[in-house]
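K.L.:
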Amino acid sequence: MSDEKIRLNTDWLCDCGGCHVALVDLHEKILQVLDSVEIQHCPVLTDVKDYPPARIGILTGSVRTEHDRHAALVMREKCEIIIAFGTCAVYGGLHGAGLAHSREEIMEHVYRRSPTTKTDTIPDAEVSELAKMVTPIDEVIDVDLYLPGCPPHPHFIFESLASLIEGREPRVTQDSVCGRCKRQMIKGDAREIRNTLDEVPDERFCFLSQGHICLGSATLDRCLAPCPNHGIACTGCAGPTMQILTEPYLDIRTEVSDRMARLTAIDEDIIKTYMEKTAKTQYAYAMATKMIGNKPTFLIKKWIADVEGQINE
Amino acid sequence: MNKTITIDPVTRIEGHAKILLECNEQGAVDEAFFIVNELRGFERILVGMEAHTLPQVTARICGVCPTAHHLASAKALDNAAGVEPPPAGKLLRELMYMGHMIHSHALSLFVLAGPDLVFGLGGEAATQNIVGMVEANPELTKKGLRVRSIGQKINEVIGGRGIHPVTAIAGGISARLSDDQHARVSALSTEAVTLVNELSPTIKDMLLKLLDDNPVLLDKLNLPSWYLGTVNGGKLNVYDGLLRAMDDTGAVRAEFEAGAYADYLVERAVRKSYAKEVYLDVDGAEHMYRVSTLARMNVADGMETPLAQKEFEEFRDRFGRPCHNAILQMYCKLVELVYACEKAHEIINHRDLRGETRVPASIKGTHGIGHVEAPRGVLIHDYKIDAEGIVRGANMIIATQQNTAAINASLKESGADLLAGGNDEQVLNGLEFVVRCYDPCLACSTHAVGQMELTVEVAHQGRVMRRLAREV
Numbered sequence: 001m002s003d004e005k006i007r008l009n010t011d012w013l014c015d016c017g018g019c020h021v022a023l024v025d026l027h028e029k030i031l032q033v034l035d036s037v038e039i040q041h042c043p044v045l046t047d048v049k050d051y052p053p054a055r056i057g058i059l060t061g062s063v064r065t066e067h068d069r070h071a072a073l074v075m076r077e078k079c080e081i082i083i084a085f086g087t088c089a090v091y092g093g094l095h096g097a098g099l100a101h102s103r104e105e106i107m108e109h110v111y112r113r114s115p116t117t118k119t120d121t122i123p124d125a126e127v128s129e130l131a132k133m134v135t136p137i138d139e140v141i142d143v144d145l146y147l148p149g150c151p152p153h154p155h156f157i158f159e160s161l162a163s164l165i166e167g168r169e170p171r172v173t174q175d176s177v178c179g180r181c182k183r184q185m186i187k188g189d190a191r192e193i194r195n196t197l198d199e200v201p202d203e204r205f206c207f208l209s210q211g212h213i214c215l216g217s218a219t220l221d222r223c224l225a226p227c228p229n230h231g232i233a234c235t236g237c238a239g240p241t242m243q244i245l246t247e248p249y250l251d252i253r254t255e256v257s258d259r260m261a262r263l264t265a266i267d268e269d270i271i272k273t274y275m276e277k278t279a280k281t282q283y284a285y286a287m288a289t290k291m292i293g294n295k296p297t298f299l300i301k302k303w304i305a306d307v308e309g310q311i312n313e
Numbered sequence: 314m315n316k317t318i319t320i321d322p323v324t325r326i327e328g329h330a331k332i333l334l335e336c337n338e339q340g341a342v343d344e345a346f347f348i349v350n351e352l353r354g355f356e357r358i359l360v361g362m363e364a365h366t367l368p369q370v371t372a373r374i375c376g377v378c379p380t381a382h383h384l385a386s387a388k389a390l391d392n393a394a395g396v397e398p399p400p401a402g403k404l405l406r407e408l409m410y411m412g413h414m415i416h417s418h419a420l421s422l423f424v425l426a427g428p429d430l431v432f433g434l435g436g437e438a439a440t441q442n443i444v445g446m447v448e449a450n451p452e453l454t455k456k457g458l459r460v461r462s463i464g465q466k467i468n469e470v471i472g473g474r475g476i477h478p479v480t481a482i483a484g485g486i487s488a489r490l491s492d493d494q495h496a497r498v499s500a501l502s503t504e505a506v507t508l509v510n511e512l513s514p515t516i517k518d519m520l521l522k523l524l525d526d527n528p529v530l531l532d533k534l535n536l537p538s539w540y541l542g543t544v545n546g547g548k549l550n551v552y553d554g555l556l557r558a559m560d561d562t563g564a565v566r567a568e569f570e571a572g573a574y575a576d577y578l579v580e581r582a583v584r585k586s587y588a589k590e591v592y593l594d595v596d597g598a599e600h601m602y603r604v605s606t607l608a609r610m611n612v613a614d615g616m617e618t619p620l621a622q623k624e625f626e627e628f629r630d631r632f633g634r635p636c637h638n639a640i641l642q643m644y645c646k647l648v649e650l651v652y653a654c655e656k657a658h659e660i661i662n663h664r665d666l667r668g669e670t671r672v673p674a675s676i677k678g679t680h681g682i683g684h685v686e687a688p689r690g691v692l693i694h695d696y697k698i699d700a701e702g703i704v705r706g707a708n709m710i711i712a713t714q715q716n717t718a719a720i721n722a723s724l725k726e727s728g729a730d731l732l733a734g735g736n737d738e739q740v741l742n743g744l745e746f747v748v749r750c751y752d753p754c755l756a757c758s759t760h761a762v763g764q765m766e767l768t769v770e771v772a773h774q775g776r777v778m779r780r781l782a783r784e785v
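Residue numbers (the numbering used here), protein chains in the order written: chain A, 1 to 313; chain B, 314 to 785.
Here it is in structure tokens:
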């Protein structure tokens with residue numbers, strides 16, 4: 001490694017700020033990173049306002065406003081390597097679910113239907129109009145590396161930065177969350193879909209084996225599987241595995257329902273239908289990406305409309 | 314013939330914000346707005362989701378206070394199911410929350426506000442950040458960062474993850490503490506209490522010096538208002554208790570369960586911002602109020618833990634009750650940081666901690682409301698759930714939103730003086746400081762970067778007459 005430090009810029013677009021907190025959460029390891037990296041533009045840690053040229057650029061969040069779009073373009077211009085960092089940057093993230101609704105519908109709900117709101121006012125002066133879509137970063141600029149996760153576990157953040165600093169391939173696998181889950185997959189006899197409030201799942205066995213929907217097998221491991229190892233089924237926050245992204249007819253619900261049907265006495269179609277009915281939960285983090293949205297059998301707007309049509313009645 | 318001044322800080326956590334001052338011809342400020350220019354619409358997004366996953370989902374609303382949303386959500390589901398978590402479940406949730414409070418307040422004090430304390434106001438922007446602090450006062454900065462790190466680690470052990478924790482569910486906590494985890498948290502909390510004991514006199518001295526050096530601050534930011542905060546048996550509590558409303562003279566005017574929030578809180582949408590203003594509806598009138606650390610210190614009669622109680626008494630002796638000065642939020646955070654460290658230490662040694670962590674909870678066809686004190690103030694989640702367990706309605710009252718009306722009032726107050734007497738830089742600094750004192754969520758970002766990137770436009774009948782920009 002040369003003595004010259006590698007220059008790094010980071011910026012956040014539309015997100016919750018958690019990915020930047022995750023950088024601080026490298027804890028003691030951040031000093032190791034700081035030995036080799038000069039942090040330039042970085043909203044949490046420095047006061048650099050412009051975007052100096054840099055070797056590495058980390059972008060978190062999705063594109064929602066003109067400001068976001070501009071920041072993404074400038075970062076691309078100034079940084080040799082752009083990392084789409086976190087699930088919002090890679091797949092649009094949770095607020096991507098906003099695409100299922102029109103702007104008018106969101107405004108109506110927030111400003112007119114809230115039980116505590118006594119006014120009949122919709123903000124329309126001085127504020128920018130809401131963007132129609134939540135856009136993952138690579139639909140706006142070219143991205144060199146993807147690090148999904150909500151946020152990615154420090155293990156992966158450190159490895160990705162260390163590999164770039166040392167000029168080597170990152171040592172990460174493309175395994176699913178199951179790879180790190182301590183639960184044992186067995187053939188069970190569950191006859192209906194249950195969740196953690198219907199019954200406390202046995203901590204020794206796979207959620208799917210017990211009839212609980214868990215997205216672990218369809219989700220890329222960028223988290224070290226904290227949820228299933230703490231009694232919570234995977235909600236898919238790091239986005240789908242490569243296998244699902246690259247095969248047009250596979251998606252989250254087909255993968256999970258196929259596997260769960262084999263591990264229980266529940267019919268595959270029943271599981272698939274249930275997952276369509278609860279699509280907003282099952283696709284909460286990844287519905288804004290074309291990698292999922294363009295799949296021929298993926299009809300999320302219809303599924304959501306089917307359920308919410310009933311809700312709005 | 315009015316003129317309009319717009320300040321557009323290009324920085325945010327919860328989206329963009331700008332400041333708008335509408336002036337008359339004499340330069341007096343008619344109206345001031347702290348404008349939040351983004352709306353993600355979570356109240357709509359949550360509708361249609363499986364309700365039992367809301368504690369995991371709603372944590373994602375904010376990466377700065379995810380544990381607050383996580384727990385407010387789990388408590389709303391408890392309320393929907395009509396259950397109370399067993400003692401161990403409640404203790405673990407509170408322990409997780411103490412970890413989060415330690416992390417959040419330490420970040421705020423040492424990383425975000427730290428530079429003001431170490432260098433004073435108006436220091437060199439180039440060194441006014443955490444890197445400059447490490448050089449100027451390595452001992453303090455390292456210890457401060459270590460406290461933050463300990464808090465986040467405690468949060469992670471109990472919550473499964475530090476940022477966006479997952480273990481709180483309707484009826485309690487989904488995982489028990491192992492022996493290893495218990496030993497680890499025990500060691501961490503012991504260390505936290507020791508560190509914060511060493512740090513608090515230094516921080517307090519720096520704070521008092523900052524006030525001595527800038528007497529105008531105590532004067533200018535003194536805004537009488539009502540306060541809303543949570544107390545349990547009269548003592549300050551951030552996880553559970555009654556919401557206590559105090560008026561601007563210090564009289565307690567109402568105490569209510571979070572479930573009754575709709576009877577006391579009124580939201581008012583405004584045309585110029587996506588953030589709704591919130592007022593307290595008590596005795597037939599609507600009152601401007603504030604939440605956050607200062608509000609909690611005002612409404613509470615005392616603290617649960619000994620060292621924090623000592624700090625609390627010293628604060629009250631010095632500044633009275635109610636204390637209306639927004640700049641003292643920093644001091645209040647220090648008192649709460651001491652409390653959170655002590656409380657974490659107390660909980661980890663509690664004999665009920667290792668028992669059953671959850672009870673069964675059925676939430677189908679119910680309505681539930683839950684609240685916590687987020688680091689920045691009262692946070693309420695309210696869900697309607699259908700017979701299939703799907704969310705049919707969601708309403709949330711967020712901490713920062715409740716301070717909007719007070720921020721606007723302070724901007725109006727300070728804006729007039731600043732415009733009359735100040736040069737460009739003084740106007741920019743002054744208005745920025747007002748906003749930062751209220752510590753809205755976006756202040757996290759604005760402060761860490763030293764100074765906000767600001768543009769001010771003075772418009773006259775639609776034409777820009779004067780442009781102020783901070784060169785960076």
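Note that CB positions come from ideal geometry on N, CA and C, so glycine has one too.
What you are looking at is a predicted structure, and each value in this text was computed from that prediction instead of being measured.
1) Name the chain A residues that come within less than 7 angstroms of K548(B), Cβ to Cβ?
2) Let's test the definition: count the other Cβ atoms within 10 Å of the Cβ of Y249(A) and tell me whether it reaches 16, buried, or not, exposed.
3) Just how far apart, CA to CA, sit N713(B) and C375(B)?
4) Kindly indicate which three-state DSSP category A756(B) falls into: helix, strand or coil?
5) Starting from Y574(B), trace the beta strand (DSSP E) both ways and give me its first and last residue.
6) DSSP three-state label for G763(B), please.
7) Give me whichever residues DSSP pairs with E580(B) in a beta bridge.
8) Give the secondary structure of Q32(A) by DSSP, where H, G and I count as helix, E and B as strand, and everything else as coil.
9) Just to confirm before moving on: does the CB-CB distance between D142(A) and R76(A) stay below 8 angstroms?
10) When DSSP builds the beta bridges, which residues end up paired with G427(B)?
11) Which word fits Q764(B), buried or exposed, when buried means at least 16 other C-beta atoms lie within 10 angstroms of its C-beta?
12) Rounded C-beta distance between I463(B) and P368(B)? I'm assuming under 8 angstroms.
13) Classify T759(B) as buried or exposed, calling it buried when 16 or more other Cβ atoms lie within 10 Å of its own Cβ.
14) I need the straight-line Cα distance from E738(B) to S727(B), nearest angstrom please.
15) Using the Cβ count rule (16 or more neighbours within 10 Å means buried), how would you classify D11(A)?
16) Is there a Cβ from chain A that is less than 8 angstroms from the Cβ of E580(B)?
17) Closer than 8 angstroms, CB to CB, is G17(A) near chain B or not?
18) Using C-beta distances below 6 angstroms, list every residue in its chain close to S502(B), excluding the 5 sequence neighbours before and after it, in chain order.
19) Counting contacts by CB-CB distance shorter than 8 angstroms, is Q369(B) in contact with chain A?
20) Tell me, please, whether the stretch 206 to 222 of chain A touches the stretch 410 to 419 of chain B by the rule of three or more beta-carbon pairs shorter than 8 angstroms.
21) Could you check where the alpha helix (DSSP H) with V509(B) kicks off and where it finishes?
22) Which whole-angstrom value is the C-beta distance of A345(B) and L666(B), which I expect to be below 8 angstroms?
23) With H, G and I counted as helix, E and B as strand and the rest as coil, what does DSSP make of D306(A)?
24) Over the uninterrupted alpha helix (DSSP H) stretch that includes F632(B), give me the two end residues.
25) Can you name the residues that DSSP bridges to F347(B)?
26) My output table needs one value for M107(A): the three-state DSSP class, helix, strand or coil.
27) Under the three-state reduction of DSSP, which class applies to T400(B): helix, strand or coil?
28) Does A125(A) come within less than 8 angstroms of chain B when only Cβ atoms are used?
29) Buried or exposed: G702(B), going by 16 or more other Cβ atoms within 10 Å of its Cβ?
30) Using the C-alpha atoms, what's the distance from Q622(B) back to D614(B)?
31) Pull up the distance between the alpha-carbon of E848(B) and that of R489(B), whole angstroms please.
32) Could you give the DSSP three-state label for K548(B): helix, strand or coil?
33) Mind checking if T173(A) is an interface residue toward chain B, Cβ cutoff 8 angstroms exclusive?
34) Count the other C-beta atoms from every protein chain shown that fall within 10 angstroms of the C-beta of M133(A), then say buried if there are 16 or more, exposed otherwise.
35) Would you mind stating whether P152(A) and G239(A) have Cβ atoms separated by less than 8 angstroms?
36) How close, in whole Å, do the beta carbons of K522(B) and T117(A) come, if the pair is a contact with beta carbons under 8 angstroms?
P.N.:
In this structure, then:
1) Under the 7 angstroms cutoff, chain A gives no residues; its nearest Cβ is about 28 angstroms from K548(B).
2) By the beta-carbon neighbour count (other beta carbons within 10 angstroms, threshold 16), Y249(A) is exposed.
3) In the sequence as presented, Asn is not what sits at residue 713(B); that position holds Thr. The straight-line gap from Cα to Cα measures roughly 12 angstroms.
4) Any reading at A756(B) must be qualified, since the residue scores a pLDDT of 37, below 50, and its modelled position is unreliable; the value itself is stated next. In this structure, A756(B) counts as helix in the three-state DSSP scheme.
5) Taken as a continuous stretch (DSSP letters only), Y574(B) belongs to no beta strand (DSSP E), being part of the alpha helix (DSSP H) at Y574 to Y577.
6) Summary for G763(B): the model assigns pLDDT 38, below 50, so the residue's position carries little reliability; its value from the coordinates is reported in the next sentence. G763(B): coil per DSSP, three-state reduction.
7) In the DSSP output, where bridge partners are listed per residue, E580(B) has T117(A) and V591(B).
8) The DSSP-derived three-state label of Q32(A) is helix.
9) Closer than 8 angstroms, so yes.
10) Per DSSP, none; premise fails for G427(B).
11) For Q764(B), the predicted structure reports a pLDDT of 41, less than 50, and the residue's modelled location is therefore unreliable. A value from the coordinates is still provided. Buried: at least 16 other Cβ atoms inside 10 Å.
12) No, I463(B) and P368(B) are not in contact; Cβ-Cβ is about 24 angstroms, not under 8 angstroms.
13) Summary for T759(B): the model assigns pLDDT 35, below 50, so the residue's position carries little reliability, and this model does not support an answer.
14) The C-alpha of E738(B) lies about 14 angstroms from the C-alpha of S727(B).
15) With 16 or more Cβ atoms within 10 Å of its Cβ, D11(A) is classed as buried.
16) So, interface residue.
17) Contact of G17(A) with chain B is assigned, a C-beta pair being separated by under 8 angstroms.
18) Short of 6 angstroms from the beta carbon of S502(B), and not among the five residues preceding or following it, lie these beta carbons of its own chain, in chain order: A657, H658 and I661.
19) Judged by the 8 angstroms Cβ criterion, Q369(B) is in contact with chain A.
20) The stretch 206 to 222 of chain A vs the stretch 410 to 419 of chain B: no contact.
21) The continuous alpha helix (DSSP H) containing V509(B) extends over residues D492 to D526.
22) Not a contact, Cβ separation roughly 49 angstroms.
23) The three-state secondary structure of D306(A), taken from DSSP, is helix.
24) In the DSSP annotation of this structure, the continuous segment of the alpha helix (DSSP H) that includes F632(B) starts and ends at P619 to F632.
25) DSSP lists I332(B) as partners of F347(B).
26) Residue state, collapsed to three classes: helix.
27) In the sequence as displayed, the identity of residue 400(B) is Pro instead of Thr. In this structure, P400(B) counts as helix in the three-state DSSP scheme.
28) Yes, contact with chain B.
29) The residue is buried, with at least 16 neighbouring Cβ atoms inside 10 Å.
30) In this structure, the CA atom of D614(B) is about 10 angstroms from the CA atom of Q622(B).
31) Nothing can be reported for residue 848(B): it is not among the residues displayed for chain B, which extend from 314 to 785.
32) Three-state result, K548(B): strand.
33) By this cut-off, T173(A) is not an interface position.
34) Exposed.
35) No, the pair does not count as a contact, with Cβ atoms beyond the cut-off.
36) Taking C-beta atoms under 8 angstroms as the contact rule, K522(B) and T117(A) fail to qualify, at a distance of about 44 angstroms.
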